[in-house]
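Residue numbers (the numbering used here): 1 to 326. Virtual Cβ for every residue (Gly too), placed ideally from N, Cα, C. Report on the structure given below.
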Amino acid sequence: MSSVLGLGNALVDVLAILENDQLLDELNLPKGSMQLVDEAAALKVKEATSHIKKDLASGGSAANTIHGLASLGVKTGFIGKIGKDELGQVFKADMTAHNITPHLLESDTQSGHANALISPDSERTFATYLGAAVELSQDDLAEDLFKGYKYFHVEGYLVQNKALIEKAYQLAKANGLITSIDLASFNVVEDNLEFLTNLIHNYVDIVFANEEEAKAYTGKEGEEALLQLAQGTQVAILKLGKEGSMIKRSNEIVKVGIIPAKSIDTTGAGDLYAAGFLFGLIQELPLEKCGKIGSILSGHVIEVIGPKMNESTWTNIQKLIKDELN
């Protein structure tokens, strides 16, 4: 089976369930957004949520996708940077435990972490302190890292480091890898629109976006957004939440629904959809099947807190995928 290499911010998700959205207003965090914060602001979030029980999980968008693929039996690797601290060890241990090859550099800076604040309606808002993760640079990338992989998946959050992401795609393309990107967050797209457009047209084969990200990228909605999203790339996927997804490749457009699910926390839903979709592509399945497998994964992850699912859930997912393939 083809192997997948991921590149992203090596973060530990610190998950907190809110009683209401008042705290978001107090912390000046727009609901549903991903805000980059400095160390002082991260401490402020920590203090404001000190009364709430927290769960820790290795996270970061691309890392979540790689975890999903590894859980489906795909050979995977991940490039990132962590601190020489407890959170860094949590991240590395989680990767190793899931048979992901960790290409992790270390820094004296504190490990990055994402404060995931989960609203009662399951929407999540991130206050992300990148810490050591943001110190990953183009100088850390070597051609050898890309050997032995067929696919290369990147999270859009990395466009904050333009030299890194561009060199990574250049190395991936030089080694014949099929490339993908998840646009990550509408505000990231808005702030880096010209760079992202050039990046996708020059280097990216597969692009994932939700409705807000697609609108920020194209200025359009629905099928019109999908058509523009697909320009300059081979496959475009528009994730529509409860409405499922739309996929375009060449002249083919496919619409896929969702599976029944009781949403508790949408953290990781898009990342796991990408894992399922890429798994289908690796198997050379029709687009509709790829989308359905994506929906199976995303439908299950929203029923748990955080981006990780237990072994019994993955067993059930594997059965559903097997049924889908028969």
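Provide the residue(s) that pair with V83 in DSSP beta bridges, ordered along the chain.
-> Reading the sequence as shown, one finds Gly at residue 83 and not Val. DSSP output for G83 lists S107 as bridge partner(s).
First and last residue of the uninterrupted beta strand (DSSP E) at L5 | That run of the beta strand (DSSP E) goes 4-7.
In terms of residues, what are the limits of the beta strand (DSSP E) holding Q35?
-> 34-36
Who are the near neighbours of D205 in its chain, counting only those whose CB is closer than 8 Å to its CB and skipping five residues on each side?
-> I178, T179, S180, T233, Q234, V235
Determine the direct distance from the alpha carbon of V74 to that of L117, and round the result to whole angstroms.
-> 31 Å
From which residue to which residue does the beta strand (DSSP E) around F208 run?
-> 206-210
In whole angstroms, what is the alpha-carbon distance linking L238 and L272?
-> 14 Å
Exposed unless 16 or more other CB atoms sit within 10 angstroms - verdict on D182 = buried
Ordered along the chain, which non-local residues of its own chain (more than five positions away) have a Cβ less than 7 Å from that of L258?
-> With the sequence shown as reference, residue 258 is identified as Ile, and Leu is not the correct amino acid for it. Taken in chain order, the residues that qualify are K242, G244, S295, G299.
Quick one: Cα of Q160 to Cα of D139, how far?
-> 16 Å
Roughly how many whole angstroms lie between the Cα atoms of F277 and K292?
-> So the two alpha carbons sit approximately 8 Å from each other.
When the Cα of K322 is compared with those of G59, G60, K289, which residue comes out closest?
-> K289
Of the residues I79, S2, G156, G222, which one's Cα is nearest the Cα of G148?
-> S2
Whole-number beta carbon distance between S111 and L87, since they are thought to touch under 8 Å | Indeed, because the Cβ distance is near 4 Å, the residues count as touching under 8 Å.
Examine the ligand FAD and report whether any of its heavy atoms sits within less than 7 Å of the Cβ of G219.
-> The ligand FAD is absent from the structure shown, which contains no ligand whatsoever.
On a CA-only basis, which of S71, H113, L193 is nearest L56? Give me that one, please.
-> H113
In the DSSP assignment, find the unbroken beta strand (DSSP E) run with A114 in it and report its ends.
-> A114: member of the beta strand (DSSP E) spanning 112-118, first to last residue.
Helix, strand or coil at A97 according to DSSP, with G and I counted as helix = helix
What is the DSSP secondary structure of A230, counted as helix, strand or coil?
-> coil
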